[in-house]
Every structure is written in C-alpha cells, then in structure tokens.
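Chemist: One structure coming up, written as structure tokens, with questions to follow.
And the structure:
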C-alpha cells in the first residue's frame with residue numbers, strides 16, 4: 571500500500587456528496603471504523619479517538635445511523651493507478667486494501683519503478699533494466715557489437 575496516507579474522500583467514486591456527519595473531527599476524512607464517546611457522543615475514527623474529545627470516557631461503536639450513512643458510499647481502490655478495477659463499498663475498503671492483487675511492488679529487475687502485482691510480467695518484457703542485465707551478462711561483447719545491441723533496443 572502507498573506510504574503516504576490517502577484520504578478516503580479522495581477515493582470516492584464520482585457524483586457522491588460527503589455528509590459532514592461522516593467526517594472525523596480529528597483527521598477530517600471519512601471516518602474509518604467509527605467510534606463514539608460514551609459521555610459526549612463525539613464520533614471519530616477509532617484511530618483518532620484519543621484526540622477526539624477531552625472527556626476521557628470510553629468509546630463505543632458508533633450509532634447505527636452513522637454506520638448506515640457510511641455504508642452508502644462507494645470507493646475506488648487505492649491501487650487504481652496500478653490497474654485495480656475494484657469498486658468498493660465502505661465495509662470492504664480496509665480488507666481490500668490489505669489484500670489487493672494490484673498493490674504496487676518494486677520492479678524485480680531493479681528499475682526503481684513501482685508496478686502493480688498484476689502487471690509485473692508485462693513490465694518485465696519492456697523494463698529498461700533488462701537491457702542493462704543483458705549487457706552485464708554479455709560483457710565480453712566487443713564495443714562495436716555492444717553499440718549495435720544498444721541501437722537495436724527499442725524501449
């Protein structure tokens with residue numbers, strides 16, 4: 571998964587209006603695993619709950635109405651730029667991000683690109699590093715032959 575935090579609001583499928591009541595007062599994103607303060611009833615993400623209010627009361631699962639509102643949202647996968655076509659409902663977002671088959675991986679040939687798991691084989695056919703590896707394996711080539719090889723490579 572991406573090293574930089576991506577907001578759920580950034581992953582909403584088009585034409586969805588975000589209700590203020592589903593936004594966490596701490597991170598200002600759509601609440602993920604919402605909880606509610608048992609004293610003041612402030613809702614927040616479970617991860618943000620320690621900064622959500624000053625009551626120091628325990629947090630409980632959020633109200634069913636909030637959970638129902640959240641269940642109506644649809645999201646694209648975080649790995650959509652890497653080829654994931656998934657359209658996710660709120661309940662499946664977290665689990666899908668953990669198990670997405672398109673999660674980007676480092677190129678196995680070392681070209682420094684991130685490639686979706688589903689595209690690694692395709693990438694390896696055109697990876698610029700494959701030429702470098704080939705040249706390293708055939709370093710006994712004479713300079714002119716090496717020059718012709720490089721000219722023949724179409725990347």
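Numbering (this note's numbering), first residue to last: 571 to 725. Heads up, the beta-carbon is just placed ideally off N, CA and C, and yes, glycines get one too. Source: prediction; values computed, not measured.
Within the continuous alpha helix (DSSP H) that includes residue 695, where are the two ends?
Modeler: Your numbering for residue 695 matches position 125 in the chain shown. Residues 690 to 696.
Chemist: For residue 698 versus residue 681, is the C-beta spacing smaller than 7 angstroms?
Modeler: Sequence index remark: in the chain shown, residue 698 carries index 128 (1-based). Sequence index remark: in the chain shown, residue 681 carries index 111 (1-based). Yes, they are a contact pair.
Chemist: Assign residue 648 to buried or exposed, taking buried as 16 or more other Cβ atoms, counted over all protein chains shown, within 10 Å of its Cβ.
Modeler: Locating residue 648 in the chain shown gives position 78, where the first residue counts as 1. Answer is buried; the Cβ neighbour count reaches 16.
Chemist: What are the residues that DSSP puts in a beta bridge with residue 645?
Modeler: As a first step, residue 645 must be located in the chain shown, where it is residue number 75. Answer by DSSP bridge pairing, in chain order: 582 and 658.
Chemist: Return helix, strand or coil for residue 613, following the three-state DSSP convention.
Modeler: As a working mapping, residue 613 is identified with position 43 in the chain shown. In the structure shown, residue 613 sits in a strand (DSSP, three-state: E or B).
Chemist: Could you give the first and the last residue of the continuous beta strand (DSSP E) run that contains residue 606?
Modeler: Here residue 606 refers to the residue found at position 36 of the chain shown. Judged by DSSP secondary structure, residue 606 falls within the beta strand (DSSP E) whose first and last residues are 604 to 607.
Chemist: Check whether the stretch 684 to 695 and the stretch 643 to 659 are in contact - that is, three or more C-beta pairs closer than 8 angstroms.
Modeler: yes
Chemist: Is there contact here, the stretch 574 to 589 with the stretch 612 to 631, by at least three beta-carbon pairs under 8 angstroms?
Modeler: no
Chemist: Can you grab the Cα-Cα spacing for the pair residue 600 / residue 672, in whole Å?
Modeler: Position 30 of the chain shown holds residue 600. Position 102 of the chain shown holds residue 672. Roughly 23 angstroms separates the two Cα atoms.
Chemist: Since I believe residue 581 is in contact with residue 645 (beta carbons under 8 angstroms), could you give me their beta-carbon distance rounded to a whole number of angstroms?
Modeler: Residue mapping note: residue 645 aligns to position 75 of the chain shown, counting from 1. Residue mapping note: residue 581 aligns to position 11 of the chain shown, counting from 1. Between residue 581 and residue 645 the Cβ distance is about 4 angstroms, and since that is below 8 angstroms, they are a contact.
Chemist: Near residue 663, what residues of its chain come up, given a Cβ to Cβ distance below 6 angstroms and the 5 sequence neighbours on each side ignored?
Modeler: For the purposes of this step, residue 663 is taken as residue 93 along the chain shown, with counting starting at 1. 645.
Chemist: Taking only three categories from DSSP, how would you classify residue 675?
Modeler: Here the question's residue 675 lines up with position 105 in the chain shown. DSSP places residue 675 in strand when its eight states are reduced to three.
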